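Report on one structure; see the data block that follows.
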Amino acid sequence: MEEDYHYLPSFDSEHDIQRIDGVKTFFHEFSIESKKLWSLASPAISTSICQYSIAQITQLFAGHLGVLQLAAVSVENSVIAGLCYGALLGMGSALETLCGQAYGAKQVDMLGVYLQRSLIILNTTVLALVFFYLFATQILVLIGQPMDIAKWAGKFSLWMIPQLFAYAVNFPIQKFLQAQSKMMVMAIIAAVALVGHTLLSWLFMMKMDLGLVAGAVVLNGSWWFMALAQFVYILCGTCGEAWSGFTSKAFENLWGFVRLSLASGVMICLEYWYFMALILSAGYVKDAKIVVDAVSICTSIVGWMFMLCIGFNAAISVRVSNELGAGHPRAAKFSVMVVSIISLLFGVIITIALFLARSRYPPLFTNNFEVQQVVSELTPLLGTTIMLNGLQPTLSGVAIGAGWQTYVAYINIVCYYVFGIPLGLILCFFLNRGVKGMWIGMLLGTILQTSILILMISKTNWKKEALVAEERVKEWRGSK
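This is the structure:
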């Protein structure tokens, strides 16, 4: 077996970047690394925004059908679909570590095996997650949502079950393509899906007045179009040695793959589900329908910014996993610095834009004047959240690329669910600060988590991480 590994590079590879010993060297390497990151991040950002916008387009048209319809779609997207989306996206992220590091180490033939294992695991997981769709109304009532909103959201959830299976196909395929830096094809497919989704949603929901049923059909179709189009692209032989066809090896060592997928899933879920608490708490305050709609609009905007950052998350995950797999610790470390600067700058720019347009953007989402007023009042908290989200998802991408999912999951539990949400509940209900108090508590939890990740990354021994990545590639190749 040793001959299989002889070409794995050591951490002192001559292809690693030079040491940064001055301002001129810094800006030279910064320019080179920025180009590499943007070549990955640009199509990844486009893909993420298009995919996220597909659901938001449905929500936007639902807002013009009525306040109750908007609340129903918002709650389904944020709670029921959000719960399952986070779980499946997180479990699929195991491929970011394994495929990225294997690709960097030139173990390309293993990528197809990893993809098939992930498809098996995620589609099996979906069979359990269907429970949340079947009993959505009861679950929403149990967690305190108003009965009328819960009934509409539960009905919409039943119509959206096909989307759940599309998630299980789409996410592993995306991570497989992402590890090979094949981002552009995903961006093109997502853009085509968004254009088609927008036109069909307008036609069926507004022009033909078919309501939410039509919205659900179009939304399901859009996600399945993306999943199948990407799979056809792989089957056409565009990935070379990375895809050599279906193999029985995909069924070997599934339990080991399940463990890594669960660690990835828990880490991402704890982050993705965090802001669901904001939606849920809004259902308990005075004028719940108005507040739920306003908070849903704000979290939709946070989601769009998060999708922007997910592009950088994908880019840095690829860069770190590829460089560690190739034995280039200095390149991995410097890439982290560059992407942090860029993503934080984006967060600041978008925050300023929101403050300047705080009275202009709410009417884009709803015709209800009361909802518009509440959204405008929440803009300062929204802007602060977006500024933090400019950096936090990028740091999580570093963790995925390096394979630190388990450690970050523990950090997320403490910062979000032991500190942030309890503090928010105290401010919201015991100190009568309402939904603003809940948001403040959650912001403080995010600040704590981000600070710990920054400290963790700054203390990392990247040479050691390169060796760990090399051993991980050997271990998983040996277990194929």
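The numbering of the sequence shown is the numbering used here, which starts it at -17 and goes up by one.
Ideal Cβ placement from N, Cα and C applies to all residues, glycine included.
Quantities reported herein were computed from a predicted structural model and do not represent experimental measurements.
- Apart from the five residues on each side of it in sequence, which residues of its chain come closer than 7 Å, Cβ to Cβ, to Ala297? Leu19, Leu22, Ala23, Ala26 and Val321
- Cα separation between Gln374 and Leu217? 35 Å
- Task: Figure out for me which residue from Gly385, Leu370 and Phe186 has the closest Cα to the Cα of Ile331.
- Result: Leu370
- Item | Spatial neighbours of Ile283 in its chain, beta-carbon cut-off 6 Å, leaving aside the 5 residues before and after | Correct list: empty, nothing qualifies.
- Alpha carbon to alpha carbon, how far is Ala54 from Thr442? 45 Å
- Assign Leu192 to one of three DSSP states: helix, strand, or coil. coil
- For Ala335, count neighbouring C-beta atoms within 10 Å of its own C-beta (all shown protein chains included) and say buried if the count is 16 or more, exposed if not. exposed
- For the alpha helix (DSSP H) that Glu359 lies in, which residues bound it at each end? Phe351 to Asn371
- Taking the runs of the alpha helix (DSSP H) that are 4 residues or longer, which of them lie wholly in the region 114 to 150? 118 to 124 and 129 to 141
- Could you tell me whether the Cβ atoms of Phe466 and Ile393 are closer together than 7 Å? Nothing can be reported for residue 466, as the shown portion of the chain is limited to -17 through 462.
- Output the boundary residues of the alpha helix (DSSP H) element that contains Lys271. Ala270 to Gly307
- Task: Compare the beta carbon distance of Met424 and Ser246 with 7 Å and say whether it is the shorter of the two.
- Result: no
- Message: Could you check whether Glu223 and Phe138 sit closer than 7 Å to each other, using their CB atoms as the reference points?
- Response: no
- Other residues of its chain near Ala173: CB distance less than 7 Å, five sequence neighbours each side excluded: Ser28 and Cys32
- Message: DSSP three-state label for Phe43, please.
- Response: Helix at Phe43.
- Message: If you follow the alpha helix (DSSP H) that Thr180 is in, where does it begin and where does it stop?
- Response: Met165 to Ser183
- Exposed or buried, which one is Gly64 when buried takes at least 16 other CB atoms within 10 Å? buried
- Message: Check this for me: beta carbons of Ser303 and Gly94, under 7 Å apart or not?
- Response: no
- How many Å lie between Ala259 and Thr119 at the Cα? 17 Å
- Buried or exposed: which applies to Leu181, given that a residue is buried once 16 or more other Cβ atoms fall within 10 Å of its Cβ? exposed
- Task: Drop a sphere of 10 angstroms on the beta-carbon of Phe337, count the other beta-carbons inside from all chains shown, and report buried for 16 or more, exposed for fewer.
- Result: exposed
- Query: For Leu124, which of Met319, Phe412, Lys268 and Leu262 has the nearest alpha-carbon?
  - Reply: Leu262
- Query: Helix, strand or coil: how does DSSP classify Glu58 here?
  - Reply: helix
- Sorted by chain position, which residues of the same chain lie with C-beta nearer than 6 Å to Ser30's C-beta, five sequence neighbours on each side aside? Around Ser30: Met289, Ile292 and Gly293.
- Task: Please report how far the alpha carbon of Ala196 lies from the alpha carbon of Met187, in whole angstroms.
- Result: Annotation: Ala196 to Met187 spans about 6 Å, alpha carbon to alpha carbon.
- Does the beta-carbon of Pro344 have 16 or more other beta-carbons within 10 angstroms, so that it is buried, or is it exposed? buried
- Query: So, helix, strand or coil for Val320, using DSSP?
  - Reply: helix
- Query: On the premise that Tyr398 lies in contact with Gln354, defined as a C-beta separation below 8 Å, what is that separation, rounded to the nearest angstrom?
  - Reply: Their Cβ separation, rounded to whole angstroms, is 30 Å, which puts Gln354 and Tyr398 out of contact at 8 Å.
- Message: With three or more C-beta pairs closer than 8 Å as the rule, is the region 95 to 115 touching the region 132 to 151?
- Response: yes
- Query: How long is the line joining the alpha carbons of Leu409 and Gly402, rounded to whole angstroms?
  - Reply: Cα-Cα distance, rounded: 11 Å.
- The alpha helix (DSSP H) with Tyr85 in it runs from where to where? Ala76 to Gly86
- Could you pull out every residue in the same chain whose Cβ sits closer than 6 Å to the Cβ of Glu78, ignoring the five residues on either side in sequence? Apart from sequence neighbours up to five positions away, the residues of its chain that approach Glu78 with a beta-carbon distance below 6 Å are Lys157, Ser299 and Ile382, ordered along the chain.
- Task: To the nearest angstrom, report how far apart Asn349 and Ala276 are at their CA atoms.
- Result: Each residue's Cα considered, the two are about 12 Å apart.
- Task: State the start and end residues of the unbroken alpha helix (DSSP H) segment that holds Pro404.
- Result: Ile403 to Leu407
- Message: Spatial neighbours of Leu47 within its chain, please: C-beta separation below 8 Å, excluding the five flanking residues on both sides.
- Response: Met187, Gly193 and Leu194
- Comparing alpha-carbon positions, which option in Ile429, Thr376 and Ser163 lies nearest Leu327? Thr376
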